[in-house]
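Colleague:
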Amino acid sequence: MANTHLFALINIIGGTLVLGSYVFCIYFYPEYRESFWGGVHGNTRKFFVFSMLPAAIGYLLFFYCAAFRPESGIFEYKGFLGQNNINVLCIMFLSASSIWMPALVMYFKTDLIFWWFIVVGVLWITALSLISMLFVVISSDAPSSLYKNMSIYGLSYIIFHCLILDAIIWVAKLPVK
Numbered sequence: 001m002a003n004t005h006l007f008a009l010i011n012i013i014g015g016t017l018v019l020g021s022y023v024f025c026i027y028f029y030p031e032y033r034e035s036f037w038g039g040v041h042g043n044t045r046k047f048f049v050f051s052m053l054p055a056a057i058g059y060l061l062f063f064y065c066a067a068f069r070p071e072s073g074i075f076e077y078k079g080f081l082g083q084n085n086i087n088v089l090c091i092m093f094l095s096a097s098s099i100w101m102p103a104l105v106m107y108f109k110t111d112l113i114f115w116w117f118i119v120v121g122v123l124w125i126t127a128l129s130l131i132s133m134l135f136v137v138i139s140s141d142a143p144s145s146l147y148k149n150m151s152i153y154g155l156s157y158i159i160f161h162c163l164i165l166d167a168i169i170w171v172a173k174l175p176v177k
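In this text, residue positions in the sequence shown follow my numbering: the first is 1, and each later residue adds one.
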C-alpha cells in the first residue's frame with residue numbers, strides 16, 4: 001500500500017475515533033459538559049472555541065498536501081523510520097487525541113490522580129507528535145513549494161492550539177482533585 005493511501009486510511013480511522021470519542025463522552029456524560037472545559041471561562045473559552053476552526057483547517061491543509069500533493073515532499077524525509085515517519089507520528093497524534101476525553105471522564109468519575117496524569121500525558125503526546133510532524137515536513141528533501149509551505153503553516157497553527165491552548169493553558173486551569 002502506498003504511503004499516501006496508508007496515510008489517508010490512518011486519518012479516516014483515527015479521525016473517526018477522535019470525533020467518536022468526543023460525541024460519545026458529550027452524549028453519555030452530559031453532567032461533565034461544563035467540566036470538560038477544565039476551568040477555562042469567559043473570553044478565554046471563546047478564544048479556545050474560535051481557535052478550533054483554524055486548527056482543524058490547518059490539519060486538513062496538511063492532510064490534503066500529504067494525501068493528494070506528492071510534490072509537497074511530506075513522505076521524502078529519510079529519518080529513523082524512512083518514509084513511514086509521518087504515518088507513525090499521525091497514529092500517535094490521533095491515538096492520543098482519541099484517548100483524551102474518555103480519560104478525562106475517568107478522572108472526573110474516580111478522582112484518581114492516575115487519570116489526571118493520563119489526561120495531561122495524552123495532551124503532551126498530541127502536541128509533541130504534531131511538532132515532530134512539522135520537523136519531518138520541514139526537514140524533507142523536497143524543495144520549498146506552495147504545498148510544502150501550506151503543510152508547514154497548517155501544522156503550525158494546530159501546534160499552537162494543541163501545545164499552548166490545550167497542553168499548557170487548559171492543563172494549568174484543570175483543577176487537580
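A virtual CB, placed ideally from N, CA and C, is assigned to each residue, including glycine.
Find the nearest neighbour of residue 99 within the set 126, 164, 167, judged by alpha-carbon distance.
Modeller: Closest option to residue 99, Cα to Cα, is 126.
Colleague: Determine, using beta carbons only, whether residue 173 and residue 40 come nearer to each other than 7 Å.
Modeller: Going by C-beta atoms, residue 173 is nearer than 7 Å to residue 40.
Colleague: Where residue 50 and residue 36 are concerned, what is the direct C-alpha to C-alpha distance, given to the nearest angstrom?
Modeller: Their backbone Cα atoms lie some 16 Å apart in a straight line.
Colleague: Considering only C-alpha positions, which residue in the set 157, 155, 101 is nearest to residue 30?
Modeller: Here the closest residue by C-alpha is 101.
Colleague: Please go through the same chain and pick out, in chain order, the residues whose beta-carbon is closer than 7 Å to the beta-carbon of residue 107, but skip the five residues on each side of it.
Modeller: Once the five neighbours on either side are set aside, the close Cβ partners of residue 107 are 115, 116, 119.
Colleague: Check for me: the alpha helix (DSSP H) holding residue 147 runs from which residue to which?
Modeller: Looking at the DSSP string, the run of the alpha helix (DSSP H) that includes residue 147 is 146 to 159.
Colleague: Give me the Cα-Cα distance between residue 159 and residue 6, rounded to the nearest whole angstrom.
Modeller: Taking the straight line from one Cα to the other gives about 23 Å.
Colleague: Which parts of the stretch 83 to 140 are runs of the alpha helix (DSSP H), unbroken and 4 residues or longer, counting only runs that do not cross its ends?
Modeller: If we require 4 residues or more, the alpha helix (DSSP H) runs fully inside the stretch 83 to 140 come out as 85 to 110, 113 to 139.
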